[in-house]
Amino acid sequence: MSEALVFRNFGLAHRRPGGEEVLLEGVNLTLPKNGFFVFIGTSGGGKSSLLRILAGLIESREPAPRMSGELIAFGKSLTGDRTESLNNEVAAILQDEGLLDELSPRQNVEMALAASGRSRKLAPALLAQAGLASPPERVAQLSGGMRKRVAVARALASSPQLLLCDEPTAGLDPEAAHTIAKLLREAHDQDEGRTTIVITHDLDAFEEFADGVLVLDRPARSLRLEPPEFRLKGQDAVAKATDAAAGEPAAVHWTRRMLLQLAAIGETIVDSVRRLPPVEMGQVVRTTVRFTLEPALFVAVAGAVIGGLATFFALRNNPIDGGFETALLTGTGKVATAVLVPMLSGFFFTARIAAGASARIGTMKRTNQIAALRMMGVNPADYLLTPLVWAMVIAMPLVTLCGVVAAALAAALATSAASGITMVGWATAYFMTVSAHDVLVILAKSTLSGYLVAVACYHLGSGPKRSGADVGESVNSAIVVGMALVLTVHAGLTFLVYA
Amino acid sequence: MHRLRYFIGLLTLVGAIIAAIWIVRLLRSLDDRAGVPLSVEFRNARGLRAGTDVRYRGVTVGTVRSVAISGDGNKAVAQLLLEPIGAEHACVNSSFWVVTPRFGGLTGGATGLDTLVRDSYIAFYTPPGSESELSPGSLIAGRERPPLNAEPEALDDVEHGDLLMTLLVPENYELKPGSSVIFRGVPTGDVRSVSLAPSGTHVEVQLRIQREHRQTVTDKAKFWVGRPSVSGALLSGFTVTDLSALLTPYISYYGAPGEGVLVQDGYRAAAELSRPAFEISPVPGNAVQQDNTGKPAAPDDVVLVRITYAAVERDTFSADDQILRHGSGVLFLDRSGRSVVVTARSLVDASFTEDDAWGDPEIADEVTKVHRADGTVMRAHRVWVDPTGQDLAALVLEDVPPDLLGTPSDRLVFGGTVAGVPLQIRAAGPDGAELPIQPMASELALSEANLGGCIAADGKVFGVIGRKVGDVVAAIVSLEYLPADLRPQ
Numbered sequence: 001m002s003e004a005l006v007f008r009n010f011g012l013a014h015r016r017p018g019g020e021e022v023l024l025e026g027v028n029l030t031l032p033k034n035g036f037f038v039f040i041g042t043s044g045g046g047k048s049s050l051l052r053i054l055a056g057l058i059e060s061r062e063p064a065p066r067m068s069g070e071l072i073a074f075g076k077s078l079t080g081d082r083t084e085s086l087n088n089e090v091a092a093i094l095q096d097e098g099l100l101d102e103l104s105p106r107q108n109v110e111m112a113l114a115a116s117g118r119s120r121k122l123a124p125a126l127l128a129q130a131g132l133a134s135p136p137e138r139v140a141q142l143s144g145g146m147r148k149r150v151a152v153a154r155a156l157a158s159s160p161q162l163l164l165c166d167e168p169t170a171g172l173d174p175e176a177a178h179t180i181a182k183l184l185r186e187a188h189d190q191d192e193g194r195t196t197i198v199i200t201h202d203l204d205a206f207e208e209f210a211d212g213v214l215v216l217d218r219p220a221r222s223l224r225l226e227p228p229e230f231r232l233k234g235q236d237a238v239a240k241a242t243d244a245a246a247g248e249p250a251a252v253h254w255t256r257r258m259l260l261q262l263a264a265i266g267e268t269i270v271d272s273v274r275r276l277p278p279v280e281m282g283q284v285v286r287t288t289v290r291f292t293l294e295p296a297l298f299v300a301v302a303g304a305v306i307g308g309l310a311t312f313f314a315l316r317n318n319p320i321d322g323g324f325e326t327a328l329l330t331g332t333g334k335v336a337t338a339v340l341v342p343m344l345s346g347f348f349f350t351a352r353i354a355a356g357a358s359a360r361i362g363t364m365k366r367t368n369q370i371a372a373l374r375m376m377g378v379n380p381a382d383y384l385l386t387p388l389v390w391a392m393v394i395a396m397p398l399v400t401l402c403g404v405v406a407a408a409l410a411a412a413l414a415t416s417a418a419s420g421i422t423m424v425g426w427a428t429a430y431f432m433t434v435s436a437h438d439v440l441v442i443l444a445k446s447t448l449s450g451y452l453v454a455v456a457c458y459h460l461g462s463g464p465k466r467s468g469a470d471v472g473e474s475v476n477s478a479i480v481v482g483m484a485l486v487l488t489v490h491a492g493l494t495f496l497v498y499a
Numbered sequence: 500m501h502r503l504r505y506f507i508g509l510l511t512l513v514g515a516i517i518a519a520i521w522i523v524r525l526l527r528s529l530d531d532r533a534g535v536p537l538s539v540e541f542r543n544a545r546g547l548r549a550g551t552d553v554r555y556r557g558v559t560v561g562t563v564r565s566v567a568i569s570g571d572g573n574k575a576v577a578q579l580l581l582e583p584i585g586a587e588h589a590c591v592n593s594s595f596w597v598v599t600p601r602f603g604g605l606t607g608g609a610t611g612l613d614t615l616v617r618d619s620y621i622a623f624y625t626p627p628g629s630e631s632e633l634s635p636g637s638l639i640a641g642r643e644r645p646p647l648n649a650e651p652e653a654l655d656d657v658e659h660g661d662l663l664m665t666l667l668v669p670e671n672y673e674l675k676p677g678s679s680v681i682f683r684g685v686p687t688g689d690v691r692s693v694s695l696a697p698s699g700t701h702v703e704v705q706l707r708i709q710r711e712h713r714q715t716v717t718d719k720a721k722f723w724v725g726r727p728s729v730s731g732a733l734l735s736g737f738t739v740t741d742l743s744a745l746l747t748p749y750i751s752y753y754g755a756p757g758e759g760v761l762v763q764d765g766y767r768a769a770a771e772l773s774r775p776a777f778e779i780s781p782v783p784g785n786a787v788q789q790d791n792t793g794k795p796a797a798p799d800d801v802v803l804v805r806i807t808y809a810a811v812e813r814d815t816f817s818a819d820d821q822i823l824r825h826g827s828g829v830l831f832l833d834r835s836g837r838s839v840v841v842t843a844r845s846l847v848d849a850s851f852t853e854d855d856a857w858g859d860p861e862i863a864d865e866v867t868k869v870h871r872a873d874g875t876v877m878r879a880h881r882v883w884v885d886p887t888g889q890d891l892a893a894l895v896l897e898d899v900p901p902d903l904l905g906t907p908s909d910r911l912v913f914g915g916t917v918a919g920v921p922l923q924i925r926a927a928g929p930d931g932a933e934l935p936i937q938p939m940a941s942e943l944a945l946s947e948a949n950l951g952g953c954i955a956a957d958g959k960v961f962g963v964i965g966r967k968v969g970d971v972v973a974a975i976v977s978l979e980y981l982p983a984d985l986r987p988q
């Protein structure tokens with residue numbers, strides 16, 4: 001078998017409400033193995049969509065592009081009823097490179113090596129090969145060119161048969177672009193039988209390295225292979241009008257979207273349970289420590305203010321001077337300890353942590369870090385969802401404890417300030433009706449709400465992100481949904497247990 | 500920055516865990532704290548809640564730890580924890596009851612009204628003379644209602660000179676401690692206690708007639724229990740007597756003036772079955788003029804007493820100073836019959852003499868005692884000090900014996916001096932007996948042999964020995980500064 005990719009009467013169309021946007025029609029093309037192809041075409045013409053199909057990075061929460069005909073990659077059919085995945089045979093360098101921010105460049109490469117079952121010790125060699133013998137400690141310290149080099153090193157970690165690159169020279173000066181192009185060609189030549197497809201607008205940089213130019217002709221809705229000298233000649237004319245007749249009605253489209261969303265929620269929940277045994281132990285521990293320690297003081301202060309004020313004013317605004325003080329204290333203690341402070345601690349915790357967590361995941365999604373994880377063969381749920389769930393489930397009760405205890409201590413101070421009740425009297429009255437059972441209920445409420453907030457944060461963060469605004473939107477939603485979940489769990493369990 | 504945030508968070512978390520452990524230990528140890536745990540059984544706990552007070556003489560001395568139903572379901576059991584101070588006063592014959600609002604009918608009045616707006620609480624009463632303290636863990640049968648004999652606690656103390664007597668009545672008619680004793684419609688005393696005679700044939704009512712009315716009780720006086728009675732005939736109309744007793748029964752007595760002899764303490768009399776028929780004597784003619792008869796006999800000399808004053812001055816940075824002083828004072832009865840001792844303020848008020856570099860001295864545990872020549876010792880309260888800085892103070896004695904006599908009022912001069920007569924110092928010695936009279940010297944050194952002693956001239960007292968204002972030099976402080984309320988009639 002000498003063909004890398006075989007298109008047979010292949011068609012590709014975006015599903016849009018009320019119609020379809022046809023990108024390709026009746027493509028018949030064969031790309032030989034071992035070729036280094038430059039892939040050009042009009043912006044928005046479907047190059048990236050095709051690349052994502054090849055890389056297996058189709059967004060599961062949106063209607064997938066409709067494909068017709070046949071697309072066979074390395075003998076595996078990517079179309080039809082039984083689509084197969086290329087798995088380790090493909091690696092992609094996506095736009096923004098998708099380097100994991102929180103790891104060092106070297107760790108990024110090591111992770112890809114480990115995911116494909118190779119020794120982590122190969123990382124320095126790969127980086128050196130990519131021209132980065134001594135990379136800086138953090139991804140943030142990398143320049144644009146260095147990022148590309150790390151991305152190349154990481155992509156090569158799994159020694160893929162098919163290497164896909166999306167605009168690897170974008171934003172680089174001609175000299176740097178040339179260097180990267182050369183690097184890609186060297187990487188291509190390193191392994192026998194490797195096929196490389198590079199999406200680019202910078203034909204000049206790749207001219208001397210390319211074996212052929214793959215042209216996506218938007219007006220003709222076709223794909224063809226040209227010699228390396230080929231240049232586009234002002235043919236970026238108006239695309240053909242959308243073929244409305246071929247599309248599905250808007251209602252069907254929106255129903256499909258809705259069902260996909262619901263399925264995605266279900267998938268996140270199933271993942272959260274199925275993926276619960278930690279794979280990335282370090283991530284779990286790091287996240288748990290961070291989620292516990294960061295908001296502890298914040299929630300404790302909030303709890304102290306609530307507990308102290310509630311007690312002080314309950315006693316001070318007592319309509320009968322000195323009357324029913326113990327009863328007031330008992331009521332305040334029970335409400336503050338079992339209901340109010342745990343719930344408000346949940347709110348404060350959610351506001352403090354959920355926003356950060358969903359922003360982080362949203363950014364990772366937006367900058368292709370999640371896609372990069374998937375490309376490496378790492379399940380994003382293992383890397384992001386499981387640590388989040390564990391951290392929330394452990395941190396929420398601990399942080400709630402801080403809030404409840406701080407509230408109690410503040411109540412003790414407020415009691416001595418507002419009435420003559422002694423410390424023992426306060427303890428007797430304040431905790432009179434608080435029992436171990438209440439502690440269990442608090443634990444149940446904080447654990448359950450912690451779990452739900454974690455699932456919501458991950459789900460909202462890992463949804464499709466086309467822009468920074470989408471990230472902001474998901475943070476917003478995470479806070480609102482997280483708070484609503486905390487409220488629902490606390491109100492519901494409180495009502496169920498005590499009413 | 501991250502490290503600092505984590506460190507602060509770690510501190511908070513560790514602090515919260517330590518505090519949680521502390522709270523749990525505090526809650527666990529509430530039952531193990533110093534004090535005496537007791538269980539009290541009631542038939543009806545009347546809404547008693549855990550956490551409310553246990554009170555003795557209105558002071559909170561313990562806490563109700565829990566209220567539960569007894570194993571057999573017949574009783575409510577309250578677990579109490581008495582503080583050490585409360586445990587001291589809880590004896591084997593103490594009565595415990597739940598204080599809730601109770602309305603004892605028109606005559607019984609309402610009690611426990613504070614618990615209308617407060618939680619019910621447990622009160623207990625220990626009869627005088629009880630000494631066997633309750634052992635921890637005792638199970639006591641509580642009372643369902645307050646014991647009757649707990650009420651005398653609310654009565655005023657018997658004062659020196661009051662007449663204490665026993666009235667035997669055939670039937671109690673709901674008299675109770677505190678009920679009035681009335682003569683000519685004027686309250687002259689009160690009922691101290693009511694008890695059934697051991698033989699069961701009558702009721703013995705202890706009465707106290709106030710000192711100033713003792714001369715109204717003679718062996719000819721007739722006593723009866725005031726309760727409404729209707730007399731008269733259908734045609735002549737009705738007379739209702741003692742109508743006010745409908746709500747509150749009382750004891751009334753009457754004796755015609757001049758009849759019989761005055762009675763002594765411990766006098767016993769039998770009450771009439773009903774209000775006796777008698778003619779009330781009219782107001783005597785000589786009453787229109789000033790009537791000065793009936794005053795108790797007075798001694799004819801100045802009465803001096805020995806005063807011992809002890810106190811502690813609390814110091815912040817050094818050991819507390821013990822203060823102990825001795826001196827003298829002049830005893831007399833003031834216009835309301837109280838036994839008053841007038842003396843130098845520097846003797847009986849440490850705050851007047853002590854200095855503290857850090858502001859006003861903190862004086863605590865003040866005890867003032869007055870000794871008489873016959874060996875009796877009485878506690879005294881400092882009721883007045885001269886507000887203008889004169890070294891003059893007045894004490895009022897408590898638990899005074901009935902035979903205590905004061906300086907006659909004609910021997911006290913309030914204002915002015917006696918001219919042309921040599922001044923003498925009179926003071927009491929350590930045993931309370933009067934020291935030899937000394938002549939007044941111009942350069943007098945203050946000592947316990949003269950401090951608070953009186954300055955007399957011609958047998959009349961017009962001042963005490965104290966300090967000169969703002970100085971420590973001895974000076975004569977005139978009695979003119981004593982307010983009129985504290986002077987004899």
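First to last, the sequence lines map onto chains A and B.
Sequential numbering from 1 applies to the first sequence in this note's numbering.
Sequential numbering from 500 applies to the second sequence in this note's numbering.
Where is the CB? At the ideal position from N, CA and C, for every residue including glycine.
Small disclaimer: the values here were computed from a predicted structure and weren't measured.
Within chain A, the residues that V504 (chain B) reaches when beta carbons sit closer than 8 Å: Locating residue 504 (chain B) in the second sequence gives position 5, where the first residue counts as 1. As written in the sequence, residue 504 (chain B) is Arg, which differs from the Val given in the question. Those within 8 Å of R504 (chain B) in chain A are L293, E294.
How big is the Cα-Cα spacing for A809 (chain B) and G765 (chain B)? As a first step, residue 809 (chain B) must be located in the second sequence, where it is residue number 310. As a first step, residue 765 (chain B) must be located in the second sequence, where it is residue number 266. So the two alpha carbons sit approximately 37 Å from each other.
Got a sec, what are the start and stop residues for the beta strand (DSSP E) A893 (chain B) sits in? Taking the first residue of the second sequence as 1, we reach residue 893 (chain B) at position 394. 892–896 is the span of the beta strand (DSSP E), which, as asked, contains A893 (chain B).
Would you call the segment 770–784 of chain B and the segment 841–852 of chain B in contact, with 3 or more CB pairs under 8 Å? no
Say whether chain B places a C-beta atom closer than 8 Å to the C-beta of F348 (chain A). What you label residue 348 (chain A) is simply residue 348 of the first sequence in a count that begins at 1. It does not; no Cβ of chain B falls within 8 Å.
Nearest to L216 (chain A) by CA position, among A:L50, A:S477, A:R16, is which residue? Along the first sequence, read from residue 1 onward, the residue named residue 216 (chain A) stands at position 216. Checking every option, the nearest Cα to that of L216 (chain A) belongs to A:L50.
Could you tell me which of A:T79, A:S43, A:A92 sits nearest to M376 (chain A), measuring between CA atoms? In the first sequence, the residue the question calls residue 376 (chain A) occupies position 376. Considering only alpha carbons, the answer is A:A92.
Residue-chain proximity (A577 (chain B), chain A), Cβ-Cβ < 8 Å: Your numbering for residue 577 (chain B) matches position 78 in the second sequence. No - not a single Cβ of chain A is within 8 Å of the one on A577 (chain B).
Stretch-stretch touch, CB-based, cutoff 8 Å, three pairs: the segment 915–931 of chain B with the segment 960–970 of chain B: yes
Roughly how many whole angstroms lie between the Cα atoms of T287 (chain A) and A499 (chain A)? Counting from 1 along the first sequence, the entry for residue 287 (chain A) is found at position 287. Counting from 1 along the first sequence, the entry for residue 499 (chain A) is found at position 499. Near 36 Å, if we compare the C-alpha coordinates of A499 (chain A) and T287 (chain A).
Any beta-carbon of chain B closer than 8 Å to the one on L156 (chain A)? Mapped onto the first sequence, residue 156 (chain A) falls at position 156. So, not an interface residue.
Leaving aside the five residues before and after T447 (chain A) along the sequence, list all residues of the same chain whose C-beta is less than 7 Å from its C-beta, in chain order. Your numbering for residue 447 (chain A) matches position 447 in the first sequence. Closer than 7 Å at the Cβ level, and outside the excluded window around T447 (chain A), lie V393, M396, P397.
What is the rounded straight-line gap between the Cα of G69 (chain A) and the Cα of Q369 (chain A)? Counted from its first residue, the first sequence places residue 69 (chain A) at position 69. Counted from its first residue, the first sequence places residue 369 (chain A) at position 369. So the alpha carbons of these two residues sit roughly 32 Å apart.
Flag this pair as touching only if the segment 273–286 of chain A and the segment 486–493 of chain A have three or more C-beta atom pairs under 8 Å; answer yes or no. no
Residues in the same chain with beta-carbon distance under 7 Å from V866 (chain B), minus the five sequence neighbours each way, listed in chain order, please. The residue you call residue 866 (chain B) lines up with position 367 of the second sequence. For V866 (chain B), where only same-chain residues beyond five positions count, the Cβ hits under 7 Å are A809.
Pick from A:S222, A:R194, A:E229, A:R224: whose alpha carbon is nearest that of A210 (chain A)? As a working mapping, residue 210 (chain A) is identified with position 210 in the first sequence. Per the Cα distances, A:E229.
Do the CB positions of V576 (chain B) and I621 (chain B) come within less than 8 Å of each other? Working through the second sequence from its first residue, we reach residue 576 (chain B) at position 77. Working through the second sequence from its first residue, we reach residue 621 (chain B) at position 122. Contact: no.
Within the same chain, show all residues whose beta-carbon is closer than 6 Å to that of V481 (chain A), passing over the 5 residues directly before and after it, in chain order. On the first sequence, residue 481 (chain A) is found 481 positions in, with the first residue counted as 1. Same-chain partners within the cutoff: A456.
Which listed residue (A:L460, A:A151, A:S43) has its alpha carbon closest to that of R360 (chain A): For the purposes of this step, residue 360 (chain A) is taken as the residue at position 360 of the first sequence. That would be A:L460, whose Cα lies nearest to the Cα of R360 (chain A).
Beta-carbon proximity check, F913 (chain B) vs R986 (chain B), cutoff 8 Å: Here residue 913 (chain B) corresponds to residue number 414 of the second sequence, with the count starting at 1. Here residue 986 (chain B) corresponds to residue number 487 of the second sequence, with the count starting at 1. Yes, they are a contact pair.
The segment 105–124 of chain A in contact with the segment 39–50 of chain A per 3-pair CB rule at 8 Å: no
Can you tell me whether M877 (chain B) is buried or exposed? The criterion is at least 16 other CB atoms within 10 Å of its CB, across all chains shown. Mapped onto the second sequence, residue 877 (chain B) falls at position 378. Buried, because 16 or more other Cβ atoms sit within 10 Å of the Cβ of M877 (chain B).
Check the DSSP bridge columns for K543 (chain A) and list the partner residues they point to. The shown model of chain A, from 1 to 499, leaves out residue 543 (chain A), and the question about it has no answer.
Report the rounded CA-to-CA distance for L329 (chain A) versus L315 (chain A), giving the unit in angstroms. Here residue 329 (chain A) refers to the residue found at position 329 of the first sequence. Here residue 315 (chain A) refers to the residue found at position 315 of the first sequence. Computed Cα separation, rounded: 8 Å.
Please confirm whether any heavy atom of the ligand NAD lies closer than 7 Å to the CB of A932 (chain B). Summarising the ligand content, the structure contains no ligands, and the ligand NAD is consequently not present.
Does the distance from the CB of G660 (chain B) to the CB of P860 (chain B) come in under 8 Å? Mapped onto the second sequence, residue 660 (chain B) falls at position 161. Mapped onto the second sequence, residue 860 (chain B) falls at position 361. Their beta carbons are not under 8 Å apart, which means G660 (chain B) does not touch P860 (chain B) by this criterion.
Within 8 Å, do at least three Cβ pairs link the segment 436–452 of chain A to the segment 337–355 of chain A? yes
Is there contact here, the segment 424–438 of chain A with the segment 466–475 of chain A, by at least three beta-carbon pairs under 8 Å? no
Quick one: which chain B residues come within Cβ less than 8 Å of F509 (chain A)? Nothing can be reported for residue 509 (chain A), as the shown portion of chain A is limited to 1 through 499.
Would a check of beta-carbon distances place T367 (chain A) closer than 8 Å to chain B? The residue labelled residue 367 (chain A) in the question sits at position 367 within the first sequence. False, the Cβ-Cβ gap to chain B never drops below 8 Å.
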